[in-house]
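> A single structure is presented below for examination.
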Amino acid sequence: MKYKLAILVLSAATGFGCSPKEPTATDTAATTSVAASVAASATLTSTESTSSAASENASVSLMNTYWKLVGLNGKDVVVIDQQREPHIVFGEDNRVSGSDGCNRFMGGYQLTDTAVTFSQMAGTRMACMEGGEQAQAFTDGLSQVSHYQLQGEYLDLKDNTDKVFARFIAVALP
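All the letters of the sequence shown, read from the start, carry residue numbers -1 to 172 under the working numbering.
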């Protein structure tokens, strides 16, 4: 579509399809200007698609990313209707927050290379009709986490035996 429009504009500027005449300096300048604009537009479009493809392949940052819980202790996570989905967000201020699927939680964390520890964790204590066991396993397990691993859009929280406790996928912040 863009190329058809560019050809149409270029054709109009060059007088394609009109009666023959000698080109003037103004005609030549207009043709050159339109051709330069079309070339710049094509370059910009090519650059935009290249940079968006590169950003899709780039690793996601641990911080300020909404990490949706998809696996817990080797099992798929069940999201209960009418309840929050389990997730975690690491802030740049060493604060962490999220939901276990039933209750909200918050606290602190410390990073050293790939080591991570959670501290001063607190949360709400609502009674949920469903998903309580999964929610409790998630929040209890955070105290056992010793390190993490980022693999593209996935985050694994692991214990000191290198067993994956929780697996997350990066989702755009709501």
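Even glycine gets a Cβ: it sits at the ideal position worked out from N, Cα and C.
1) Tell me whether residue 69 counts as near the ligand PLP, meaning its Cβ is closer than 7 angstroms to at least one heavy atom of that ligand.
2) Just to confirm my understanding: we take residue 124, look at its own chain, exclude 5 residues before and 5 after, and list those with CB closer than 7 angstroms. What are they?
3) Measuring only the C-alpha atoms, how far is residue 162 from residue 68?
4) Determine the burial state of residue 194: buried for a count of at least 16 other Cβ atoms within 10 Å of its Cβ, exposed for fewer.
5) Does the distance from the CB of residue 65 to the CB of residue 153 come in under 8 angstroms?
6) With distances taken Cα to Cα, identify the nearest neighbour of residue 141 among 78, 128, 160, 114.
7) At which residues does the alpha helix (DSSP H) containing residue 113 begin and terminate?
Taking the structure as given:
1) This structure lacks the ligand PLP; in fact it carries no ligand of any kind.
2) 100, 101
3) 12 angstroms
4) Examination of residue 194 is not possible in this model, given that the chain is present from -1 through 172 alone.
5) yes
6) 114
7) From DSSP, residue 113 is part of no alpha helix (DSSP H) but of the beta strand (DSSP E) over 113 to 121.
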